[in-house]
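J.: The structure's right below; bear with me while I get my questions together.
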Amino acid sequence: MRSLFSQVSAVTVMNIRSLPRRLWMSLAMVLASAVVVAILLAFLAMAKGFEATMSGAGSDAVALMMREGSQAELNSVISRDQVNLVEEAPGIARDAEGPLVSPELYVIVDGIKKSTGSKANIPLRGLDKRGMAMRGNMQLLEGRMFTPGTNEMIVGSGILREFDGFQLGNEIRFGKNMWTVVGVFSTGGNVFESELWADAKMIQSHYNRGSSYQTIRAQLENPGDLEPLTAYFDTESQLNLELKTEADYFAEQGKQLQYMAIFGRVISFIMALGALAGALNTMYTSVADRAKEIATLRTLGFSNFSAFCGTIAEALVLAIAGGLLGSLAAFLFFDGMNASTLGGSFTQVVFSFEMSPDLFVQGAVLALLIGFVSGFFPAWRAARMPVIVAFRNAA
Amino acid sequence: MNDLYLIYKNMTRKPLRLFLTCFAIFIAFLIFGAVTTLKSALDAGIDLAADNRLVVVNKINFTQPLPIAYAQKVAAVDGVENVTYANWFGGYYQEARNQIVAMAVEPESWLQVYEREILLPPEQRAAWLGNRQGVIVGESLAQRLGWKIGDRVPVSSSIFSHKDGGHTWDFVVEGIFTGSDPQHDTNSMYLHFKYFMETQSFGGEWIGWITLTTADAAQNQRIADAIDDGFANSQAETDTSTEEAFSKAFIEQIGNIGLIIFGVVFMAFFTILILVGNTMALAVRERTGEIAVLKTLGFPAPRIFKMVLTESLLIALIGGLAGLGAAWLIIEGAKGTMAQFLPNLMLDSGIALQALLFMLLLGLVTGLLPALNALRLNIVTAFNRG
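Taken in order, these protein sequences are the chains called A and B. Just so you know, the numbering used here puts 1323 at position 249 of the first sequence, and the rest follows in order with no gaps. Just so you know, the numbering used here puts 252 at position 231 of the second sequence, and the rest follows in order with no gaps.
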């Protein structure tokens, strides 16, 4: 057993030390696995970042109400009467000032993207103190809250990252109205950071919304428990609203980028096949090149198994080197990269690519897989080729 | 001996290597074809825009409405030919997830402004104009939902409410239009603005946007400025741009994500080509001895050069064309299910030509260097080396 082990390690060391001699072929193998790993990680990091931005936004303790069939906040319309009815509903938390209900407006305005200098949709949300209190992790980074009844607004830090002209103190014109930025807020990296917030009443009057709203948020007495509300809605014929927890809503909104992630996986899988073919080719050529060497070893009394292991080890080392290279490249290029895209509500969602440790694990697994497969078959062939044939072919 | 036979023998001497090489090229071009098609589908709106069409939207953002009276004021601007307006209906059929691209339009002027894009038989056109409840439906949408002329169809709106309390309108399919170009989107439907206006519970006299044609594309900028200046400091300020600029701005909203993805995929595409090229070049280098033998036998150097080059070109073409073909099959297969999101999915001749160019490039680059080596090979050194 010990001799087998020392044989294997001897062959492995020999193979690996002779790698520089086959520089180009080794590099090709490294490159192949690096590219596949980098692609996979890029897509996963994108999906991860988007998911974190979406899922961080939704709270289980908040119910979100929209008009039936609207699907997104933008489309929905809710009347003041309906808001009043919801405020009477059971199952909603209350404090000294009454039920914790936040009727909100959602208007789209233009911002200029830093990256392209082009216009893009950003949401201007009208809400009040209650609404802000419902975003548990909302905190002001700079400046102060807007004063109700004025054209003041506070901007999310995601907007500051991706768009020009929203710095503290700036005056911004949307149509006929001038707005002043009086504060910058963070909501812990979630989608609300891609929004502008202002007084709901001001938005109603500036945008001809009368006394209507678009969505209602309500703090639930028991997180996740929509039962009392659903029952109440059934008895009130006026309340033809769709009811879900905020967490569910954002999970649905996040779906569309999940398709991107699936697309990414499919592409990297197909690419992996292509790279695998390249890697296999390289390993076959590399082994064929050394058929004589391997035959010599076996003539010297090294076992077939050690020859087999040596070749596999070589492929694994190259693939792992490629995997590391690919991960490093992906990390350098993509980790923390700011991106924004059109979200489910037709507005820009600002998010960052996020390269977490579990992604690296997936990349490493893929690299090992490539190394193993591309090493296995050539190694198998090398180990089984009769010594005589090897000598004759090489001659 | 025939050269082609020799090339064939050289190619197939290691069938496994040939297969692996072709397979890698196959994959590379499969992805190239599919992803480039996807990209061009996203950009199609830009390419198809007519250069004398302008779009007028609210300056705050294009989702903000404009007063309907603006359409007439725009028509009065000097140099404006036809004016039409529309509103986004936010349609869906039966279930909210079954979205329909539905717009409420002023029918006569709409058909005028889009006369080159929307092909509608005269009798269907007359029927639509004569029936307020009527709609015209694009061919691919009609196919997707199984609608035929004369059908009564309920379509709901995710935005507006019907006066009667619901969100659903009843329409009659009066016409099915086709596009003059296969890339034209026929995944939409149009309803009468008047009918929409009279039956909705709110929204009143507001429209989403105005589209107009100019008599002369050279006048676009002047006309756009005239319109925007005319509405400056009014109830709703406007932003007028060419249809092309408008579509482009819209697509840019999808953001750098698209750019990042295409960047990554193209990087991978070229890496695979480099890898494959490397193996192909190696395969020829391995045969130095044989090439020397051929030369000794009296094969003229240019003939050997041609043979080596033909071989690498053949391999690139076999793998590449198969990959492109597979991409085409996939796109054709996906067309139906993707029509809702990407109506212009089509692997057209431009993309195919581009792919072909890359194949030739791959074959030439990988073949040229070894072929040149073979050309210049000194027989004596070659044998010494072996």
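Note that the Cβ used here is the ideal one computed from N, Cα and C, for glycine as well.
For the segment 1349-1377 of chain A, list every residue whose C-beta sits within 9 Å of some C-beta in chain B, in sequence order.
T.: Under the 9 Å Cβ criterion, the segment 1349-1377 of chain A contributes A1349, L1350, A1351, G1352, A1353, L1354, N1355, T1356, Y1358, T1359, A1362, D1363.
J.: Select from the segment 1163-1197 of chain A all residues with a C-beta closer than 9 Å to any C-beta belonging to chain B, and list them in chain order.
T.: From the segment 1163-1197 of chain A, only V1181, I1182, V1183, D1184, K1187, S1189, T1190, S1192, K1193, A1194, N1195, I1196 have a Cβ closer than 9 Å to chain B.
J.: Is A:G1293 helix, strand or coil by DSSP?
T.: Position 219 of the first sequence, counted from the first residue, corresponds to residue 1293 of chain A. Inspection of the sequence shows that residue 1293 of chain A is occupied by Gln rather than by Gly. Strand, per DSSP.
J.: What are the uninterrupted segments assigned as beta strand (DSSP E) that are 3 or more residues long and contained completely in the segment 276-333 of chain B, given in chain order?
T.: Qualifying beta strand (DSSP E) stretches: none in this window.
J.: Mind checking whether B:I244 and B:V77 have CB atoms under 8 Å apart?
T.: By one-based count along the second sequence, residue 244 of chain B stands at place 223. By one-based count along the second sequence, residue 77 of chain B stands at place 56. No.
J.: Restricting to Cα atoms, I'd like to know which of B:V286, B:L393, B:A403 is closest to B:I48.
T.: The residue labelled residue 48 of chain B in the question sits at position 27 within the second sequence. Nearest of B:V286, B:L393, B:A403 to B:I48, Cα basis: B:V286.
J.: Which runs of the beta strand (DSSP E) spanning at least 3 residues fall entirely within the segment 1188-1266 of chain A, listed in chain order?
T.: List check, beta strand (DSSP E) in window: 1193-1201, 1213-1217, 1226-1230, 1245-1248, 1251-1260.
J.: Ordered along the chain, which non-local residues of its own chain (more than five positions away) have a Cβ less than 7 Å from that of B:F40?
T.: Residue 40 of chain B sits at position 19 when you count from the first residue of the second sequence. None.
J.: B:S179 versus chain A: which residues are under 7 Å apart at the beta carbon?
T.: Counting from one through the second sequence, the residue named residue 179 of chain B turns up at place 158. In chain order: G1143, S1144, Q1145, N1149.
J.: Of all the options A:A1413, A:V1463, A:L1442, which has the alpha carbon lying nearest to the alpha carbon of A:G1400?
T.: As a first step, residue 1400 of chain A is located in the first sequence; it is residue number 326 there, counting from the start. Checking every option, the nearest Cα to that of A:G1400 belongs to A:L1442.
J.: Could you pull the start and end residues of the beta strand (DSSP E) that B:S370 belongs to?
T.: Along the second sequence, read from residue 1 onward, the residue named residue 370 of chain B stands at position 349. From DSSP, B:S370 is part of no beta strand (DSSP E) but of the alpha helix (DSSP H) over 370-397.
J.: Mind checking the segment 1412-1438 of chain A against chain B and listing, in chain order, the residues whose C-beta falls within less than 8 Å of any C-beta there?
T.: Cβ contacts with chain B come from A1413, S1414, T1415, L1416, F1420, Q1422.
J.: How about A:L1093: is its C-beta nearer than 8 Å to some C-beta of chain B?
T.: As a working note, residue 1093 of chain A is residue 19 in the first sequence. Not closer than 8 Å to any Cβ of chain B, the Cβ of A:L1093 fails to qualify, so no.
J.: Name, in chain order, the residues that DSSP records as bridge partners for A:Y1514.
T.: The question about residue 1514 of chain A has no answer, for chain A in this structure spans 1075 to 1469.
J.: Which of the three DSSP states, helix, strand or coil, is assigned to B:G251?
T.: Position 230 of the second sequence holds residue 251 of chain B. B:G251 falls in the helix class under three-state DSSP.
J.: Against B:R173, what residues of chain A qualify as contacts under a CB-to-CB distance less than 8 Å, listed in chain order?
T.: Within the second sequence, numbered from 1, the residue matching residue 173 of chain B stands at position 152. Those do not exist, as B:R173 stays about 20 Å from chain A at its closest Cβ, beyond 8 Å.
J.: With a CB to CB cut of under 6 Å and the five nearest residues on each side skipped, what residues in its chain are close to A:I1113?
T.: Translated into positions along the first sequence, residue 1113 of chain A becomes position 39. So the qualifying residues of the chain are S1342, M1345.
J.: From the DSSP output, which residues share a beta bridge with A:E1316?
T.: Start at 1 with the first residue of the first sequence, and residue 1316 of chain A comes out as number 242. Beta-bridge pairing links A:E1316 to A:M1140.
J.: Between which two residues does the alpha helix (DSSP H) holding B:T189 run?
T.: In the second sequence, the residue the question calls residue 189 of chain B occupies position 168. B:T189 -> not in any alpha helix (DSSP H); beta strand (DSSP E) instead, spanning 189-200.
J.: For B:K184, does the count of other Cβ atoms within 10 angstroms reach 16, so buried, or fall short, so exposed?
T.: Numbered from 1 along the second sequence, position 163 holds the residue referred to as residue 184 of chain B. Exposed is the call here.
J.: Just curious, the beta strand (DSSP E) that B:W230 is in, first and last residue?
T.: Locating residue 230 of chain B in the second sequence gives position 209, where the first residue counts as 1. Per DSSP, B:W230 belongs to the beta strand (DSSP E) from 230-235.
J.: Output the boundary residues of the beta strand (DSSP E) element that contains A:L1371.
T.: On the first sequence, residue 1371 of chain A is found 297 positions in, with the first residue counted as 1. Per DSSP, A:L1371 belongs to no beta strand (DSSP E); it is in the alpha helix (DSSP H), 1365-1373.
J.: Can you find a C-beta in chain A that's less than 8 Å from the C-beta of B:G111?
T.: As a first step, residue 111 of chain B is located in the second sequence; it is residue number 90 there, counting from the start. Chain A contact via Cβ: present.
J.: With a threshold of 16 other CB atoms inside 10 Å of the CB of B:L345, please say whether the residue is buried or exposed.
T.: As a first step, residue 345 of chain B must be located in the second sequence, where it is residue number 324. Buried is the call here.
J.: Taking a contact to mean a Cβ-Cβ separation below 8 Å, would you say A:T1385 touches A:A1456 in this structure?
T.: As a working mapping, residue 1385 of chain A is identified with position 311 in the first sequence. As a working mapping, residue 1456 of chain A is identified with position 382 in the first sequence. In contact: A:T1385 and A:A1456 (Cβ atoms closer than 8 Å).
J.: Buried or exposed, going by whether 16 or more other CB atoms sit within 10 Å of the CB of A:V1109?
T.: Counted from its first residue, the first sequence places residue 1109 of chain A at position 35. Result: buried.
J.: Let's test the definition: count the other Cβ atoms within 10 Å of the Cβ of A:W1098 and tell me whether it reaches 16, buried, or not, exposed.
T.: For this step, residue 1098 of chain A is matched to residue 24 along the first sequence. Classification for A:W1098: exposed.
J.: What three-state label does DSSP hand A:R1168 in the structure shown?
T.: Your numbering for residue 1168 of chain A matches position 94 in the first sequence. Reduced to three states, the DSSP call for A:R1168 is strand.
J.: Measure the alpha-carbon distance for B:Q115 versus A:G1143 and round it to whole angstroms.
T.: Position 94 of the second sequence, counted from the start, is the residue given in the question as residue 115 of chain B. Position 69 of the first sequence, counted from the start, is the residue given in the question as residue 1143 of chain A. The straight-line gap from Cα to Cα measures roughly 10 Å.
J.: Taking DSSP's pairing of strands, which residues face B:T259 in a bridge?
T.: Residue 259 of chain B sits at position 238 when you count from the first residue of the second sequence. The partner list for B:T259 (beta bridge, DSSP) reads B:N79.
J.: Would you call the segment 187-203 of chain B and the segment 167-179 of chain B in contact, with 3 or more CB pairs under 8 Å?
T.: Output reads yes: the segment 167-179 of chain B touches the segment 187-203 of chain B.
J.: Just to confirm my understanding: we take A:M1206, look at its own chain, exclude 5 residues before and 5 after, and list those with CB closer than 7 Å. What are they?
T.: Here the question's residue 1206 of chain A lines up with position 132 in the first sequence. Counting only Cβ-Cβ distances below 7 Å, and skipping sequence neighbours, we find M1212.
J.: Can you tell me whether DSSP reads B:H205 as helix, strand or coil?
T.: Counting from one through the second sequence, the residue named residue 205 of chain B turns up at place 184. Three-state DSSP puts B:H205 in coil, outside helix and strand.
J.: Need the endpoints of the alpha helix (DSSP H) that B:G155 sits in, please.
T.: For this step, residue 155 of chain B is matched to residue 134 along the second sequence. Per DSSP, B:G155 belongs to no alpha helix (DSSP H); it is in the beta strand (DSSP E), 155-159.
J.: Just reading off the beta strand (DSSP E) that B:E120 is part of, what are its end residues?
T.: On the second sequence, residue 120 of chain B is found 99 positions in, with the first residue counted as 1. The identity of residue 120 of chain B in the sequence shown is Gln, whereas the question assumes Glu. Residues 120-126.
J.: Go ahead and label A:N1244 buried or exposed: buried means 16 or more other beta carbons lie within 10 angstroms of its beta carbon, across all protein chains shown.
T.: Residue 1244 of chain A sits at position 170 when you count from the first residue of the first sequence. Classification for A:N1244: exposed.
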